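Reviewing the structure listed below.
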Amino acid sequence: MKGLSVAGTAAMFLVGGGILGHGIAPLHHAVEGWVAGAGPVLGTLLPLLADGLVGLLAGALVLAVVTGVQRLRKPRSA
Numbered sequence: 009m010k011g012l013s014v015a016g017t018a019a020m021f022l023v024g025g026g027i028l029g030h031g032i033a034p035l036h037h038a039v040e041g042w043v044a045g046a047g048p049v050l051g052t053l054l055p056l057l058a059d060g061l062v063g064l065l066a067g068a069l070v071l072a073v074v075t076g077v078q079r080l081r082k083p084r085s086a
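Quick note: the working numbering has the sequence shown finishing at residue 86, numbered continuously throughout.
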């Protein structure tokens, strides 16, 4: 079950990063440019790695915002 949860989390980062990466045109075109100059193996791995990195960064940003909001809303005890 632990392996399935890790694989599912990685898939969520890849899918979310892919959605965001396709929505940010300069990033999408940059990755396409890198892939064009890469070989067949790197041409397959680079978009996957870019999507994972974008998803990871977006997740970290959301976590930071949610944590900050929770700290601001947390009632202070006397």
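Glycine residues also receive a C-beta, built at the ideal position from the N, C-alpha and C atoms.
These numbers were taken from a predicted model, which means no experiment stands behind them.
Short check: CB of residue i to CB of residue j, under 7 Å?
| i | j | result |
| --- | --- | --- |
| Leu54 | Trp42 | yes |
| Ala58 | Val74 | no |
| Leu35 | Gly26 | no |
Which same chain residues, not among the five before or five after residue i, have their C-beta less than 7 Å away from its C-beta?
| i | result |
| --- | --- |
| Gly24 | Gly63, Ala66 |
| Ala46 | Leu54 |
Could you check which residue in the options has the C-alpha nearest to that of residue i?
| i | options | result |
| --- | --- | --- |
| Phe21 | Gly11, Ala68, Arg84 | Ala68 |
| Ala18 | Leu56, Arg81, Leu71, Arg84 | Leu56 |
With a CB to CB cut of under 8 Å and the five nearest residues on each side skipped, what residues in its chain are close to residue i?
| i | result |
| --- | --- |
| Lys82 | none |
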